[in-house]
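J.:
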Amino acid sequence: MAERIIDRRTRIESYAPGQVFALVRWASNDYGTIRSTLDIVRAVASGEAYNTVTQVDPGGEILLSVRGWPKVRQTFELIDAIERAGHDPCEVAPDHWRHMHNRLAAGMLPRCYAKSRHLAWLRRRKLQS
1 MAERIIDRRT
11 RIESYAPGQV
21 FALVRWASND
31 YGTIRSTLDI
41 VRAVASGEAY
51 NTVTQVDPGG
61 EILLSVRGWP
71 KVRQTFELID
81 AIERAGHDPC
91 EVAPDHWRHM
101 HNRLAAGMLP
111 RCYAKSRHLA
121 WLRRRKLQS
């Protein structure tokens, strides 16, 4: 990842293809937060299909997308649980992020990210590279 700070409100980050990152956006007014969004995105290689994502150029593969503070907060708590289990959220299997997205959209709790699932993902990634 490379970072360039433009000013106190703007910075540009660059990610290598395959890297996973989170994009948090929020807006507030005099009465508090009025909009909260969180996207987990995988950077794509040149020529690879992608989704358009606000503030991401050219875009990326959206693995998880939540809107509204209650779901954003719940997602942060799930990410904290992944970290407490000893996993770097940037190294979590993309399928798990998709699973989390679908379960949250259905109003259900996602399954925990198990060590066995993580090891299987690392092996699969090694075979694919």
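Residue numbers are given in full-length UniProt numbering: position 19 of the sequence shown equals residue 19, and the series is strictly consecutive. Just so you know, even glycine gets a beta-carbon here, dropped at the ideal spot from N, CA and C.
#1: Per DSSP, what kind of secondary structure is S116 in: helix, strand or coil?
#2: Which complete alpha helix (DSSP H) runs does the segment 36 to 95 hold, if anything under 4 residues is left out?
#3: Applying the 10 Å Cβ sphere with the 16-neighbour rule, what's the burial state of D57?
#4: Which residues does DSSP list as the beta-bridge partners of W121?
#5: Does the beta-carbon of T33 have 16 or more other beta-carbons within 10 angstroms, so that it is buried, or is it exposed?
#6: Please go through the same chain and pick out, in chain order, the residues whose beta-carbon is closer than 7 Å to the beta-carbon of N45, but skip the five residues on each side of it.
#7: Taking the beta strand (DSSP E) that D7 falls in, what are its first and last residues?
#8: Using a Cβ-Cβ cutoff of less than 6 Å, which residues in the same chain neighbour L38 once the five nearest sequence positions on both sides are dropped?
#9: Buried or exposed for W97, going by 16 or more other Cβ atoms inside 10 Å?
#10: Starting from N29, follow its DSSP beta bridges and name the residues at the other end.
#11: Anyone know if the C-beta pair for R42 and L63 falls short of 8 Å?
T.: According to the structure data:
#1: helix
#2: 69 to 84
#3: exposed
#4: DSSP, once it has assigned bridges, lists no residue as partnering W121.
#5: exposed
#6: In the sequence as displayed, the identity of residue 45 is Ala instead of Asn. These residues qualify, in order along the chain: P17.
#7: 2 to 7
#8: V24, V66, V72, T75
#9: buried
#10: G32
#11: yes
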